[in-house]
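Down below is the structure, laid out as structure tokens.
Pasting the structure below:
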């Protein structure tokens, strides 16, 4: 079974600074999808960024980028120029290419200090 | 973008009663919907996968007779918590995948906070 591990329960960053959230996963599949979701206090899950495993190029969405290391099964999220609105729970998630369900990590609570 | 609407957002019910939660895909056809449960300060735990026109697939440890799932159309799935107990109090979230990009993208509902008293 696939597992997703987020080893940082909490992280803190100064406004305008950069922070990296870690995620590792375990799978025997060769093709899959990885996601980072943001969950603010409203509890609405918001997709931040998505990476397809067969693509070597790291995904980027404005201030958000990932460092995808397939051999190491690592998928970290970098947030640049952190903003107060970035404060939330961040979940790393895995979905196999032939599976429909998504597996989530335990989450990292990000605090942004003004 | 695709929208998934979940209703109600909050519900309080008495022990022993049943509660129905609806999950609708508003602008796309969802062949598959997923139901998650999230305890405070914890991650989302998949409860079951709902496929349109067929029986739901439940994760290990989830009581299918207690958590009834119906996916009668391509835009609606319902989760019914039967004979609710206080330990069923939790945050329930649905997500849906569309036919076109079913494995690349999942859209989440707003969630339902269930409190059983």
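Residue numbers (this note's numbering), protein chains in the order written: chain A, 6 to 119; chain B, 2 to 118.
Note that the Cβ used here is the ideal one computed from N, Cα and C, for glycine as well.
Everything numeric in this text was worked out from a predicted model, so none of it was measured.
Would the C-beta of residue 87 of chain B count as close to the ligand HEM, meaning under 7 Å from any of its heavy atoms?
-> This structure lacks the ligand HEM; in fact it carries no ligand of any kind.
Report yes or no: is there a C-beta of chain B within less than 8 Å of the C-beta of residue 120 of chain A?
-> Residue 120 of chain A cannot be examined here, being either before or after the span of chain A that is shown, 6 to 119.
In angstroms with no decimal places, state the Cα-to-Cα distance between residue 86 of chain B and residue 18 of chain B.
-> Each residue's alpha carbon lies about 8 Å from the other.
Out of B:93, B:29, B:13 and B:88, which has the shortest C-alpha to C-alpha gap to residue 112 of chain B?
-> B:93
Contact check, residue 117 of chain B vs residue 16 of chain B, beta carbons under 8 Å = yes
Residue 31 of chain B burial status per 10 Å Cβ neighbour count (16 or more: buried) = buried
Test: residue 73 of chain A CB closer than 8 Å to a CB of chain B = At a cut-off of 8 Å between beta carbons, residue 73 of chain A makes no contact with chain B.
Name the residues in the stretch 91 to 111 of chain A whose C-beta lies less than 9 Å from a C-beta of chain D; which are they?
-> Protein chains A and B are contained in the structure displayed, whereas chain D is not.
Start-to-end residues for the beta strand (DSSP E) that takes in residue 86 of chain B | Under the DSSP assignment, residue 86 of chain B falls outside any beta strand (DSSP E); it carries neither an H nor an E label.
Residues of chain A with a CB under 8 Å from the CB of residue 30 of chain B: which are they?
-> Neighbours of residue 30 of chain B on chain A: none; closest Cβ ~15 Å, over 8 Å.
In this structure, does DSSP put residue 101 of chain A in helix, strand or coil?
-> strand
Tell me whether the beta-carbon of residue 35 of chain B lies closer than 8 Å to the beta-carbon of residue 106 of chain A.
-> In this structure, residue 106 of chain A lies closer than 8 Å to residue 35 of chain B by Cβ.
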